[in-house]
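In what follows, a single structure is set out as structure tokens and then discussed.
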Amino acid sequence: MRYFRFILAIVLFSSFTSNAQDLISFKTYDELNAYLKENNSKPLVVNFWATWCAPCVKELPYFEKLNQENQNVKVILVSLDFEKQVESKLKPFLKKKKYTSTSIYLADKDYNTWLPKVDKNWSGSIPATLIIKDGKMTFIEQDFSNYEELNTYVNQTITK
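When the letters of the sequence shown are read in order and numbered with mature numbering (1 follows the signal peptide of the UniProt record, and there is no 0), they come out as residues -20 to -1, 1 to 140.
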């Protein structure tokens, strides 16, 4: 019985001390899009990124801070990593960083089909950010140099 209580205590402790979110995976952009439509109770800030993209990794802490400090939005991090690196790079990266933003892996590599659904002018470069409010989408294909720049841009966009 003591052993059972010990294991239960460890499980409960680890569940309370871990702030990192589980990785959600979608095979197609349409699945991701359906998820975004279902989870839009507040404006969404959707950041497209990958672990192999240095500017993406550099700005991720700004999105995490936005998720923690700006209660007017929900941040969703959409990884475009290579499928063969999800287990070896993406999941360990997210675990190490302990990000609490919703983390999604998008496996859809048919870019020519879904990129124009995000924005007709998207070249496909990352980082890129999509802000969705009341069905209206604002897209920006650039990295942010600091948290203040990101937060200001988001706040201006959602109050238009």
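We put the CB at the ideal spot given by N, CA and C, even for glycine.
Predicted model, so just to flag it, every value in this text is computed and none were measured.
Report the three-state DSSP secondary structure of residue i (helix, strand or coil).
i, result
"Tyr85", "strand"
"Thr132", "helix"
"Thr139", "coil"
"Cys36", "helix"
"Ser68", "helix"
"Thr8", "coil"
"Trp102", "coil"
"Asn92", "helix"
"Gln48", "helix"
"Asn19", "coil"
"Thr62", "Per the sequence presented here, residue 62 reads as Phe, with Thr not at that position. Note: Phe62 maps to coil in three-state DSSP."
Look up residue i in the DSSP assignment and give the residues it is bridged to.
i, result
"Ala108", "Phe28"
"Ile56", "Val26 and Thr82"
"Phe119", "Leu110"
"Phe124", "According to DSSP, which records beta bridges pairwise, Phe124 is partnered with nothing at all."
"residue 146", "Residue 146 lies beyond the stretch modelled for the chain, which goes from -20 to 140, so this question has no answer here."
Mind checking residue i: buried by the 16 CB within 10 Å criterion, or exposed?
i, result
"Lys17", "exposed"
"Glu49", "exposed"
"Lys113", "buried"
"Tyr91", "exposed"
"Leu109", "Per the sequence presented here, residue 109 reads as Thr, with Leu not at that position. So Thr109 counts as buried."
"Ile138", "buried"
"Pro72", "exposed"
"Ser68", "exposed"
"Ser83", "buried"
"Pro41", "exposed"
"Ser125", "exposed"
For chain D, is any of its Cβ atoms less than 8 Å away from the one on residue i?
i, result
"Ser83", "No chain D is part of this structure, which consists of one protein chain only."
Report task. May I ask you to verify whether the stretch 124 to 133 touches the stretch 34 to 47, counting CB pairs closer than 8 Å and requiring at least 3? Result -> Touching, yes.
Report task. Check whether the stretch 77 to 86 touches the stretch 99 to 109, counting contact only when three or more Cβ pairs, one atom from each stretch, lie closer than 8 Å. Result -> No, because fewer than three Cβ pairs between the stretch 77 to 86 and the stretch 99 to 109 fall closer than 8 Å, the two stretches do not touch.
Query raised in the report: Between the stretch 61 to 73 and the stretch 27 to 35, do three or more beta carbon pairs fall short of 8 Å?
Result: Yes: the two stretches touch, three or more of their Cβ pairs being nearer than 8 Å.
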